Amino acid sequence: MGRMENLRSTPVLDRAVALLHAGELVGIPTETVYGLAADASNPGAVARLFECKRRAWFHPISLLCDSAKTAFHLVAEVPESAARVAQRFWPGPLTLILRKRPEAVPDLLTAGLPFVGVRVPDHPLALALLERFGRPLAVTSANRSGHLSATTAEAVEAEFRDEVPLVLDGGRCCVGVESTVLFLADPRPVLIRSGGTPLDLLEEVVGPIDRETDFRSDTRRLGRHYVLRTPFSLIRTPEEIPASARKDAGLLAWGPCPEGFAICRSLSALFRLEEAAANLFGYLRELDECGLRRIYAMLLPERGLGCAVNERLRKAAEASATAGLGAGDYASNPSSPPSSS
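The working numbering puts the first residue of the sequence shown at 610, with every later residue one more than the last.
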């Protein structure tokens, strides 16, 4: 892989744009997680994006745009609700699912579905690239399907090595979890994925948001989630794990790290949800590479960004169980987090 570059340099921008025009992939920073970007108008580049990520062809890929005007040019109509949330939350960690204009968005990007996901990122380097490139980019998180998302350029390089010719280094992602995905193509808003924009703030703008799970089959096809190599379990408190089971286990903590674990990483020692979200994938990746017997993780309070972090922790635990790694002798795998903090 080419040397990681800082996008503030104009020659680097020129190089990234040239690579994209040539059908190559470029790793880019956003405020949520790092992305792999391709020219959305180039079918060969989009196909390469699917192949490099090892993404199932029936999983849609969203588009990053430099402005709401550009994003809404891709859709058949702009509901009033979409205009309101875009005005308040863009640029930002919010992807809107709207009915696409078929002539503007190829079926390859949307898995043949009549919807498209669009977002305006809140990262100066990503926006600079989008403005210079001059049209939307097809972007998916810069990790293999089922692997942890990358929140640093170094993690992208470790994941893809020589398969991506350029990674633009914009520093560590400040949000650290993927964007919230909100379906607004019908009168009833539906939350497809929790993420960097909290649900309660969205509801202040559009009113009650549906979270029906059976809606998902009409908008996306669910595949593997966050599969760790190390058995992974959820717990309510560290006290559930006896001292004898801590010696070769890791803990992803909420609050100060307790004693006795082989390695512990606190998402936030001071109980700050924003800090926890930013640390999530980096700490999970680190723990997964330590050769531990098991990783235990504490759930966060079910509010704000805590909802987004908890959703990803639950997916990791579900994937671990599905892969036959089990919940462990001492894991409670709680469905509800602590109500305090």
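Where a beta carbon is used, it is the ideal one built from N, C-alpha and C, also for glycine. Keep in mind the model is a prediction, meaning the values are calculated, not measured.
Which residues DSSP lists as bridging residue i, in chain order
{"i": "residue 687", "result": "Answer is none; residue 687 lacks a bridge partner."}
{"i": "residue 645", "result": "636 and 749"}
{"i": "residue 859", "result": "872 and 904"}
{"i": "residue 804", "result": "Partner(s): none; residue 804 has no beta bridge."}
{"i": "residue 792", "result": "706 and 799"}
{"i": "residue 844", "result": "907"}
{"i": "residue 673", "result": "728 and 746"}
Bounding residues of the alpha helix (DSSP H) (the contiguous stretch that carries residue i)
{"i": "residue 713", "result": "Segment: none, residue 713 is in no alpha helix (DSSP H) and carries neither H nor E."}
{"i": "residue 892", "result": "882 to 897"}
{"i": "residue 762", "result": "762 to 769"}
{"i": "residue 922", "result": "914 to 931"}
{"i": "residue 619", "result": "619 to 630"}
{"i": "residue 815", "result": "808 to 815"}
{"i": "residue 742", "result": "733 to 742"}
{"i": "residue 658", "result": "652 to 662"}
Beta-carbon proximity of residue i to residue j, cut-off 8 Å
{"i": "residue 889", "j": "residue 908", "result": "no"}
{"i": "residue 609", "j": "residue 632", "result": "The structure shown does not extend to residue 609, since the chain spans only 610 to 950, so no value can be given for it."}
{"i": "residue 860", "j": "residue 847", "result": "yes"}
{"i": "residue 837", "j": "residue 897", "result": "yes"}
{"i": "residue 745", "j": "residue 674", "result": "yes"}
{"i": "residue 679", "j": "residue 891", "result": "no"}
{"i": "residue 901", "j": "residue 930", "result": "no"}
{"i": "residue 779", "j": "residue 707", "result": "no"}
{"i": "residue 730", "j": "residue 700", "result": "yes"}
{"i": "residue 628", "j": "residue 738", "result": "no"}
{"i": "residue 666", "j": "residue 751", "result": "no"}
{"i": "residue 765", "j": "residue 918", "result": "no"}
8 Å contact criterion, which residue i and residue j should meet: CB distance rounded
{"i": "residue 645", "j": "residue 725", "result": "Residue 645 to residue 725, Cβ: 18 Å. No contact."}
{"i": "residue 807", "j": "residue 914", "result": "6 Å"}
{"i": "residue 788", "j": "residue 703", "result": "6 Å"}
{"i": "residue 773", "j": "residue 661", "result": "7 Å"}
{"i": "residue 791", "j": "residue 800", "result": "6 Å"}
{"i": "residue 641", "j": "residue 784", "result": "5 Å"}
{"i": "residue 905", "j": "residue 853", "result": "The pair is not a contact, with the Cβ atoms about 14 Å apart (cut-off 8 Å)."}
{"i": "residue 626", "j": "residue 741", "result": "5 Å"}
Euclidean distance between Cα positions of residue i and residue j
{"i": "residue 624", "j": "residue 777", "result": "10 Å"}
{"i": "residue 670", "j": "residue 718", "result": "5 Å"}
{"i": "residue 713", "j": "residue 756", "result": "31 Å"}
{"i": "residue 648", "j": "residue 927", "result": "34 Å"}
{"i": "residue 683", "j": "residue 711", "result": "9 Å"}
{"i": "residue 566", "j": "residue 653", "result": "Any property of residue 566 remains undetermined from this structure, which presents the chain solely from 610 to 950."}
{"i": "residue 869", "j": "residue 857", "result": "9 Å"}
{"i": "residue 622", "j": "residue 767", "result": "22 Å"}
{"i": "residue 825", "j": "residue 732", "result": "Low local confidence applies: a pLDDT of 47 at residue 825 is under 50, so the model's placement there is unreliable, with the coordinate-based value given in what follows. Roughly 29 Å between the two C-alpha positions."}
{"i": "residue 886", "j": "residue 728", "result": "20 Å"}
{"i": "residue 879", "j": "residue 933", "result": "35 Å"}
{"i": "residue 863", "j": "residue 874", "result": "9 Å"}
{"i": "residue 782", "j": "residue 691", "result": "26 Å"}
{"i": "residue 834", "j": "residue 686", "result": "Only weak support is given to the placement of residue 834: the predicted model assigns it a pLDDT of 47, under 50, and the value that follows is read from those uncertain coordinates. Answer to the nearest angstrom: the Cα atoms are 32 Å apart."}
{"i": "residue 709", "j": "residue 809", "result": "27 Å"}
{"i": "residue 798", "j": "residue 659", "result": "29 Å"}
{"i": "residue 803", "j": "residue 630", "result": "33 Å"}
{"i": "residue 695", "j": "residue 736", "result": "16 Å"}
{"i": "residue 650", "j": "residue 867", "result": "51 Å"}
{"i": "residue 899", "j": "residue 769", "result": "20 Å"}
{"i": "residue 754", "j": "residue 663", "result": "6 Å"}
{"i": "residue 677", "j": "residue 817", "result": "23 Å"}
{"i": "residue 795", "j": "residue 819", "result": "11 Å"}
{"i": "residue 903", "j": "residue 840", "result": "5 Å"}
{"i": "residue 758", "j": "residue 881", "result": "21 Å"}
{"i": "residue 668", "j": "residue 763", "result": "26 Å"}
{"i": "residue 920", "j": "residue 743", "result": "35 Å"}
Heavy atom of the ligand FAD within 7 Å of residue i beta-carbon
{"i": "residue 640", "result": "No copy of the ligand FAD appears in this structure; indeed no ligand is present at all."}
Continuous beta strand (DSSP E) stretch holding residue i: start and end
{"i": "residue 727", "result": "724 to 728"}
{"i": "residue 990", "result": "Only positions 610 to 950 of the chain appear in this structure, which leaves residue 990 out of reach."}
{"i": "residue 934", "result": "That residue, residue 934, is in no beta strand (DSSP E); it is neither H nor E in DSSP."}
{"i": "residue 879", "result": "Note, residue 879: premise wrong, no beta strand (DSSP E); not H, not E."}
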